[in-house]
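Visitor: Starting off with a structure, shown below.
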Amino acid sequence: MNPTCIGSGQPTCGGVYGDGTVFELTLNQRGNWIETIIHNFGSATDGRTLFSSLVLDSSGNLYGTTNAGGANGVGTVFELTLGANGWAETILYDFGSTGADASHPYAGLIFDSSGSLYGTTLQGGHYGGGTVFQLSNDGQGHWTAKTLHSFGGFEDGIAPYGGVVFDPAGNLYGTTESSGPHYPWLGGTLFELTPQTGGEWTETLLQRFAYQVGNPFDGFFLDAFGNLYAAGYYNGVFELIPQAGGGWSFKGLGVNNSFLDSLHPYGGVIVDSSGNVYGTALYGGTHGYGTVFEITP
Numbered sequence: 034m035n036p037t038c039i040g041s042g043q044p045t046c047g048g049v050y051g052d053g054t055v056f057e058l059t060l061n062q063r064g065n066w067i068e069t070i071i072h073n074f075g076s077a078t079d080g081r082t083l084f085s086s087l088v089l090d091s092s093g094n095l096y097g098t099t100n101a102g103g104a105n106g107v108g109t110v111f112e113l114t115l116g117a118n119g120w121a122e123t124i125l126y127d128f129g130s131t132g133a134d135a136s137h138p139y140a141g142l143i144f145d146s147s148g149s150l151y152g153t154t155l156q157g158g159h160y161g162g163g164t165v166f167q168l169s170n171d172g173q174g175h176w177t178a179k180t181l182h183s184f185g186g187f188e189d190g191i192a193p194y195g196g197v198v199f200d201p202a203g204n205l206y207g208t209t210e211s212s213g214p215h216y217p218w219l220g221g222t223l224f225e226l227t228p229q230t231g232g233e234w235t236e237t238l239l240q241r242f243a244y245q246v247g248n249p250f251d252g253f254f255l256d257a258f259g260n261l262y263a264a265g266y267y268n269g270v271f272e273l274i275p276q277a278g279g280g281w282s283f284k285g286l287g288v289n290n291s292f293l294d295s296l297h298p299y300g301g302v303i304v305d306s307s308g309n310v311y312g313t314a315l316y317g318g319t320h321g322y323g324t325v326f327e328i329t330p
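If you read the sequence shown in the working numbering, its first letter stands for residue 34, the second for the next number, and so on.
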């Protein structure tokens with residue numbers, strides 16, 4: 034079988050309606066990559082403005098979010114299924130169904146072991162500062178949405194641009210890009226959501242970021258030892274190490290030294306089995322238009 038890549042295109046990448054696409058790249062026998070558009074966003078009540086990455090289930094179906102569009106104009110969760118006649122889209126959820134509902138998702142999704150989907154939205158919720166949400170499947174193709182946490186309350190963070198990750202115990206971790214109205218000068222937060230008896234979730238703020246990091250735009254990478262890695266837009270890549278007595282130790286890893294170096298890492302980071310950290314920066318490099326970087330311990 035030829036290698037295949039599947040990805041998403043932001044609205045600037047066009048598509049039939051100018052609102053983004055999902056595309057597939059297939060490597061042919063001559064070593065050339067051939068593009069196939071799987072879905073064009075933007076028709077009728079379809080989603081629009083796709084920023085998120087995609088997640089694949091065990092059956093080969095693709096899942097993602099759109100930042101806008103849908104029945105209420107504030108975003109969707111969608112599924113793409115490959116059938117005999119090609120790929121077909123199903124809208125699993127239209128955000129904005131109630132006044133306090135989540136709206137405008139930016140990041141991608143993750144699965145839990147039971148097949149439920151989890152993600153974040155930039156806006157909506159009880160305080161308007163964004164949410165962490167869950168979509169549960171009843172096994173008959175019907176998905177039910179639940180808000181696990183609404184951001185923007187007293188001393189809380191706001192605007193979770195990044196997604197969430199699970200630890201082995203089933204707790205969720207993520208970041209907010211900014212802090213709440215009581216801490217407007219701080220550069221975001223690291224939070225943990227812990228499941229409680231009865232289906233509720235409790236938030237714990239593990240870290241308030243100030244000048245040492247500044248505004249993480251993406252979520253965390255969690256390694257096998259429980260260490261968390263992320264990138265702050267203003268002050269580079271960092272690691273948070275859990276301490277035996279509780280709390281976390283902050284360690285800056287680099288990037289953002291000058292315009293000749295990688296400057297303003299905007300996306301997330303990944304870590305290989307040797308502890309090397311990889312990511313992308315929005316600016317910097319030889320031509321000033323960004324880099325792909327590696328940080329080696």
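Glycine included, every Cβ here is placed at the ideal spot set by N, Cα and C.
(1) Run through the DSSP bridge pairs and tell me what leucine 60 is partnered with.
(2) Closest to glycine 300 by C-alpha separation, out of Thr208, Thr324, Gly116 and Ala264, would be which residue?
(3) Using the DSSP secondary-structure output, state which residues sit across from alanine 101 in a beta bridge.
(4) What ranges does the beta strand (DSSP E) occupy inside the region 177-239, keeping only unbroken runs of at least 3 residues that lie completely in it?
(5) Less than 7 Å separating the beta-carbons of glycine 141 and glycine 196?
(6) Return the Cβ separation of isoleucine 274 and valine 198 in integer angstroms, given the expectation that the two are a contact with Cβ distance under 8 Å.
(7) Only counting the same chain, and skipping five residues up and downstream in sequence, which positions put a Cβ closer than 6 Å to that of glycine 48?
(8) Between the C-alpha atoms of aspartate 134 and leucine 60, what's the straight-line distance to the nearest angstrom?
(9) Output needed for glycine 106: all residues of its chain with C-beta closer than 8 Å, excluding positions within five of it in sequence on either side, in chain order.
(10) Based on Cα-Cα distance, which residue from Gly116, Leu58, Leu150 and Gly157 lies nearest to alanine 101?
(11) Since I believe threonine 109 is in contact with threonine 98 (beta carbons under 8 Å), could you give me their beta-carbon distance rounded to a whole number of angstroms?
(12) Assuming phenylalanine 184 and glycine 163 form a contact by the criterion Cβ under 8 Å, report the distance between their Cβ atoms to the nearest whole angstrom.
(13) Is phenylalanine 258 buried or exposed, if buried means 16 or more other CB atoms sit within 10 Å of its CB?
(14) Relative to the alpha-carbon of glycine 269, which residue among Asp256, Ser295, Ser282 and Trp281 has its alpha-carbon at the smallest distance?
(15) According to DSSP, is methionine 34 part of a helix, a strand, or is it coil?
Guide: Considering the structure as presented:
(1) Trp66
(2) The residue with the shortest Cα to Cα distance from glycine 300 is Ala264.
(3) Arg81
(4) Segments of the beta strand (DSSP E) lying fully in the region 177-239: 205-209 and 222-228.
(5) Result yes, Cβ atoms of glycine 141 and glycine 196 sit closer than 7 Å.
(6) About 16 Å; that fails the 8 Å criterion.
(7) Thr54 and Asn73
(8) Spanning the two alpha carbons is a distance of roughly 42 Å.
(9) Gly129
(10) For alanine 101, the closest C-alpha among the options Gly116, Leu58, Leu150 and Gly157 is that of Gly157.
(11) 7 Å
(12) 5 Å
(13) exposed
(14) Ser295
(15) Bear in mind that a pLDDT of 40 at methionine 34, under 50, signals an unreliable position, so the number given afterwards is only what the model happens to contain. Methionine 34 falls in the coil class under three-state DSSP.
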